[in-house]
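Chemist: Take this structure first; my questions come after.
Protein chains: 2
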Amino acid sequence: MAKRRLGGVQCFYPAPMVLIGAMVEGRANYATVGDCAIMGIRPAVVAISLGEAGFTIRGILEAKAFSINIPTTKQLPLVDYFGSVSGKDVDKSALVESTPGTLPGVPLLDACAVSLECRVIEECVVEHRHIFIAEIAEAHVDERFISETDGRLRMAALRELDPILYTLDNTYHSVGKPIGTGGEEAAKLVA
Amino acid sequence: MAKRRLGGVQCFYPAPMVLIGAMVEGRANYATVGDCAIMGIRPAVVAISLGEAGFTIRGILEAKAFSINIPTTKQLPLVDYFGSVSGKDVDKSALVESTPGTLPGVPLLDACAVSLECRVIEECVVEHRHIFIAEIAEAHVDERFISETDGRLRMAALRELDPILYTLDNTYHSVGKPIGTGGEEAAKLVA
Numbered sequence: 004m005a006k007r008r009l010g011g012v013q014c015f016y017p018a019p020m021v022l023i024g025a026m027v028e029g030r031a032n033y034a035t036v037g038d039c040a041i042m043g044i045r046p047a048v049v050a051i052s053l054g055e056a057g058f059t060i061r062g063i064l065e066a067k068a069f070s071i072n073i074p075t076t077k078q079l080p081l082v083d084y085f086g087s088v089s090g091k092d093v094d095k096s097a098l099v100e101s102t103p104g105t106l107p108g109v110p111l112l113d114a115c116a117v118s119l120e121c122r123v124i125e126e127c128v129v130e131h132r133h134i135f136i137a138e139i140a141e142a143h144v145d146e147r148f149i150s151e152t153d154g155r156l157r158m159a160a161l162r163e164l165d166p167i168l169y170t171l172d173n174t175y176h177s178v179g180k181p182i183g184t185g186g187e188e189a190a191k192l193v194a
Numbered sequence: 004m005a006k007r008r009l010g011g012v013q014c015f016y017p018a019p020m021v022l023i024g025a026m027v028e029g030r031a032n033y034a035t036v037g038d039c040a041i042m043g044i045r046p047a048v049v050a051i052s053l054g055e056a057g058f059t060i061r062g063i064l065e066a067k068a069f070s071i072n073i074p075t076t077k078q079l080p081l082v083d084y085f086g087s088v089s090g091k092d093v094d095k096s097a098l099v100e101s102t103p104g105t106l107p108g109v110p111l112l113d114a115c116a117v118s119l120e121c122r123v124i125e126e127c128v129v130e131h132r133h134i135f136i137a138e139i140a141e142a143h144v145d146e147r148f149i150s151e152t153d154g155r156l157r158m159a160a161l162r163e164l165d166p167i168l169y170t171l172d173n174t175y176h177s178v179g180k181p182i183g184t185g186g187e188e189a190a191k192l193v194a
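From first to last, the protein sequence lines stand for chains A and B. Be aware that the first sequence starts at 4, since it is given in the working numbering, and climbs by one per residue. Be aware that the second sequence starts at 4, since it is given in the working numbering, and climbs by one per residue.
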C-alpha cells in the first residue's frame, strides 16, 4: 500500500476512557483521561499521563498515588462532563459519591464497577505532560463482575464491563463483538 | 455497589493490539503487544512495555527507537501468531514485507495501514518489564485513510481503521459502534 508521511502526529487508536481520582484541596476530584494503559500484568503496572496545568495532578504529586476508575457506556454523560470541566472551577465531589481507598489521599468513585488504587513508582516529564508509572496496590471490583470457580476468582468479560473507548476524532465508542481467542487465531495462519 | 478487594491484580480493559517493530540481528522483527498507549497528543508521546527476556527489546535498546504498526481485524491470525512465537525461534521477516523507516534500525510493516516511528526519550524498568516512553518522529499512513479538507489532513475514523482490542481474558474484540461525541454528551448531564 502507498503510505504518506504525516510527521510527528499522533494517530494511534483507541484509548480506554477512565476517571483518574485524587484528593485536591480536601475534596475528591476526578479527571477524564484517555492516556492510560496497562504496562504489565505481573507485576501489575500502569501508565497515565496528565497535563501539568490540571487540577487532579496536584493531588497525585502530593500523595504519590491515585485511583483509576473504569466507567461504563451508561456513564458517558458524566465522563464527558468530567473531561470538559476542571476541578478548579467545579466541585466534582458534589456530583458523585466517593469512598476512601487504602492508600492515603486516594478516593474511589463508588459508581464505577472497577476502581484501582495505584502507587506511583516512576515519573517522567515531557514538556507539559507528566507521565506517571504506577503499580496497582489494590483493585476494588463490584461483586457482580467477579465469579469464583474452583477457588479461583475470575473477572467478568470485557463486554460485561462495557467500557468506553475514545478516539482522536473526538468520538466515543463501545467495545465490539469478540472476534477470536488468543492462541487459536494463530493456528489459522499456520494451517 | 458492593466492591470486593482483589489485591494488586490487573483488571483494566481494553488494550489496543499493535505490532512493535525493531531490527534484531540484521532482520526485521515484530512483537505483538497490548501494553501500548498514547501518553500525549502535542507533543505526540507514547508508552510501550516489553519483557526484558524478549527478542524485540534487543533491537530497541540498541537503536533507541522502534515502530508501532497498527493491524486491522483482518490481520488477526498474523497478530496472534506474532504474539505466540519469539523472533528467537522464528524469522518473522520472512513472513511479512518491511520498509526501512527514516530512523536507523526501525522497520515499518508494509501490511499495516498505520506505522509510527518512535524515538525513545525515557526508560523505566519495573522488575522484568521495560517501559519505553517515546516521541513519534514520523507517522506513515495509508493514503486510503487520509482525506484533505481545506488544506487540512484528516485521519480516517476509528471504525474505518478497524483495529483489534485485546482483553485479559485472552479474547480479541473489534471496536463497537460510535456512542457519542466529546462535548455533546456532557450537555445531557447538565440538562
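By construction, the Cβ of each residue, glycine as well, lies at the ideal position given by its N, Cα and C atoms.
Thinking C-alpha only, which one of A114(A), P107(A) and D92(A) is nearest T75(A)?
Modeler: Stepping through the first sequence from its first residue, residue 75(A) is reached at position 72. Checking every option, the nearest Cα to that of T75(A) belongs to A114(A).
Chemist: Going by DSSP, which residues form a beta bridge with F69(A)?
Modeler: As a working mapping, residue 69(A) is identified with position 66 in the first sequence. F69(A) is bridged to C121(A).
Chemist: Is the segment 116-123 of chain A close to the segment 62-70 of chain A, with three or more CB pairs under 8 Å?
Modeler: Touching, per the Cβ criterion.
Chemist: Compare the C-beta of V193(A) with all C-beta atoms of chain B and state if any pair is closer than 8 Å.
Modeler: Here the question's residue 193(A) lines up with position 190 in the first sequence. Chain B, which has a Cβ nearer than 8 Å to the Cβ of V193(A), makes this yes.
Chemist: Hey, L53(B) and T35(B): beta-carbon distance below 8 Å or not?
Modeler: Here residue 53(B) corresponds to residue number 50 of the second sequence, with the count starting at 1. Here residue 35(B) corresponds to residue number 32 of the second sequence, with the count starting at 1. Not a contact, by the Cβ cut-off of 8 Å.
Chemist: Just to confirm, is the Cβ distance from M42(A) to A50(B) under 8 Å?
Modeler: Here residue 42(A) refers to the residue found at position 39 of the first sequence. Here residue 50(B) refers to the residue found at position 47 of the second sequence. Cβ distance < 8 Å, so M42(A) and A50(B) count as in contact.
Chemist: What is the C-beta distance between A18(A) and G37(A), in whole angstroms, given that I count them as a contact (C-beta under 8 Å)?
Modeler: Numbered from its first residue, the first sequence carries residue 18(A) at position 15. Numbered from its first residue, the first sequence carries residue 37(A) at position 34. Yes, they are in contact, since the Cβ atoms of A18(A) and G37(A) sit about 3 Å apart, within 8 Å.
Chemist: So, is the C-beta of Y175(B) closer than 8 Å to a C-beta in chain A?
Modeler: In the second sequence, counting from the first residue as 1, residue 175(B) sits at position 172. Closer than 8 Å to some Cβ of chain A, the Cβ of Y175(B) qualifies, so yes.
Chemist: Report yes if the C-beta distance between R30(B) and S96(B) is below 8 Å; otherwise report no.
Modeler: Taking the second sequence and counting its residues from 1, the one referred to as residue 30(B) is at position 27. Taking the second sequence and counting its residues from 1, the one referred to as residue 96(B) is at position 93. Going by C-beta atoms, R30(B) is nearer than 8 Å to S96(B).
Chemist: Once DSSP output is grouped into helix, strand and coil, what is the label at P103(A)?
Modeler: Residue 103(A) sits at position 100 when you count from the first residue of the first sequence. DSSP places P103(A) in strand when its eight states are reduced to three.
Chemist: Do V178(B) and L168(A) have their C-beta atoms closer together than 8 Å?
Modeler: As a first step, residue 178(B) must be located in the second sequence, where it is residue number 175. As a first step, residue 168(A) must be located in the first sequence, where it is residue number 165. For V178(B) and L168(A), yes; Cβs fall inside 8 Å.
Chemist: Specify the secondary structure class of A189(B) as computed by DSSP and reduced to three states.
Modeler: In the second sequence, the residue the question calls residue 189(B) occupies position 186. It is helical.
Chemist: Along the chain, where does the alpha helix (DSSP H) containing V82(B) start, and where does it finish?
Modeler: As a first step, residue 82(B) is located in the second sequence; it is residue number 79 there, counting from the start. Segment L79 to S87, the alpha helix (DSSP H) holding V82(B).
Chemist: Does any residue of chain B have a CB that is nearer than 8 Å to the CB of K6(A)?
Modeler: Residue mapping note: residue 6(A) aligns to position 3 of the first sequence, counting from 1. Yes, K6(A) counts as interfacial toward chain B.
Chemist: Considering only the alpha carbon of each residue, which of H176(A), S150(A) and L171(A) lies closest to R45(B)?
Modeler: Residue numbering aside, residue 45(B) sits at position 42 when the second sequence is read from its first letter. Comparing Cα positions, the closest option is L171(A).
Chemist: What do you get for A40(B), buried or exposed, if any count of 16 or more other CB atoms within 10 angstroms of its CB means buried?
Modeler: For this step, residue 40(B) is matched to residue 37 along the second sequence. Its Cβ being crowded by 16 or more others within 10 Å, A40(B) is buried.
Chemist: Grab the span of the beta strand (DSSP E) containing E138(B) for me, first residue to last.
Modeler: For the purposes of this step, residue 138(B) is taken as residue 135 along the second sequence, with counting starting at 1. It spans R132 to D145 - the beta strand (DSSP E) in which E138(B) sits, taken as one unbroken run.
Chemist: Taking buried to mean at least 16 other C-beta atoms within 10 Å of its own C-beta, is T59(B) buried or exposed?
Modeler: By 1-based counting over the second sequence, the position of residue 59(B) is 56. Flag for T59(B) reads buried.
Chemist: Would you report the Cα separation of T174(B) and E188(A), rounded to the nearest angstrom?
Modeler: Locating residue 174(B) in the second sequence gives position 171, where the first residue counts as 1. Locating residue 188(A) in the first sequence gives position 185, where the first residue counts as 1. Straight-line Cα distance between these residues: approximately 10 Å.
Chemist: Please state if the CB of P107(B) and the CB of A66(B) are separated by a distance shorter than 8 Å.
Modeler: By one-based count along the second sequence, residue 66(B) stands at place 63. By one-based count along the second sequence, residue 107(B) stands at place 104. Yes. Within cutoff.
Chemist: Might you give, ordered along the chain, the residues of its own chain that have their beta carbon closer than 8 Å to the beta carbon of H131(A), omitting 5 neighbours on each side?
Modeler: Translated into the one-based positions of the first sequence, residue 131(A) becomes position 128. These residues qualify, in order along the chain: G54, E55 and A56.
Chemist: Here's the rule I'm using: 16 or more other beta-carbon atoms within 10 Å means buried, otherwise exposed. How should P166(A) be labelled?
Modeler: Within the first sequence, residue 166(A) is the residue found at index 163, counting from 1. Buried.
Chemist: Specify the secondary structure class of E163(B) as computed by DSSP and reduced to three states.
Modeler: For the purposes of this step, residue 163(B) is taken as residue 160 along the second sequence, with counting starting at 1. Reduced to three states, the DSSP call for E163(B) is helix.
Chemist: If distances are taken between C-alpha atoms only, which option among K91(B), D92(B) and F85(B) comes closest to V99(B)?
Modeler: Residue mapping note: residue 99(B) aligns to position 96 of the second sequence, counting from 1. Checked all of K91(B), D92(B) and F85(B); the closest Cα to V99(B) is F85(B).
Chemist: When you compare the CB of M42(B) with every CB in chain A, is at least one pair closer than 8 Å?
Modeler: Indexing the second sequence from 1 puts residue 42(B) at position 39. Yes, because at least one Cβ of chain A sits closer than 8 Å to the Cβ of M42(B).
Chemist: Residues bridged to K6(B) by DSSP?
Modeler: Here the question's residue 6(B) lines up with position 3 in the second sequence. According to DSSP, K6(B) bridges with D145(A).
Chemist: Can you list, in chain order, the residues of the segment 70-90 of chain B whose Cβ is nearer than 9 Å to any Cβ on chain A?
Modeler: So the list reads I71, I73, T76, L79, P80, L81, V82, D83, Y84, F85, G86, S87 and V88, given in the order they occur along the chain.
Chemist: In terms of residues, what are the limits of the beta strand (DSSP E) holding S52(B)?
Modeler: On the second sequence, residue 52(B) is found 49 positions in, with the first residue counted as 1. Where S52(B) is concerned, the enclosing beta strand (DSSP E) stretches over V48 to G54.
Chemist: Can you tell which of M20(B), A25(B), R7(B) and G10(B) has the C-alpha that lies nearest to the C-alpha of L112(B)?
Modeler: If you number the second sequence from 1, residue 112(B) lands on position 109. The shortest C-alpha separation from L112(B) is found at A25(B).
Chemist: When you compare the CB of T59(B) with every CB in chain A, is at least one pair closer than 8 Å?
Modeler: Here residue 59(B) is taken as the residue at index 56 of the second sequence, counted from 1. No, because no Cβ of chain A sits closer than 8 Å to the Cβ of T59(B).
Chemist: Tell me the DSSP secondary structure of R45(B) in three-state form.
Modeler: In the second sequence, the residue the question calls residue 45(B) occupies position 42. In the structure shown, R45(B) sits in coil (DSSP, three-state: anything other than H, G, I, E or B).
Chemist: Check each candidate in M20(A), E28(A) and K180(A) and name the one with the smallest Cα separation from D94(A).
Modeler: Against the first sequence, residue 94(A) aligns to sequence position 91. Closest by alpha carbon: E28(A).
Chemist: Can you check DSSP and say which residues form a bridge with N32(B)?
Modeler: Sequence index remark: in the second sequence, residue 32(B) carries index 29 (1-based). According to DSSP, N32(B) bridges with A25(B).
Chemist: Is it buried or exposed, G183(A), if we count other Cβ atoms within 10 angstroms and call 16 or more buried?
Modeler: By 1-based counting over the first sequence, the position of residue 183(A) is 180. G183(A) comes out buried.
Chemist: Return the first residue and the last residue of the beta strand (DSSP E) that P181(A) is part of.
Modeler: On the first sequence, position 178 is the one that residue 181(A) refers to. Per DSSP, P181(A) belongs to the beta strand (DSSP E) from T174 to T184.
Chemist: Going by DSSP, what residues sit across from L112(B) in a beta bridge?
Modeler: Translated into the one-based positions of the second sequence, residue 112(B) becomes position 109. Looking at the DSSP assignment, L112(B) forms a beta bridge with S101(B).
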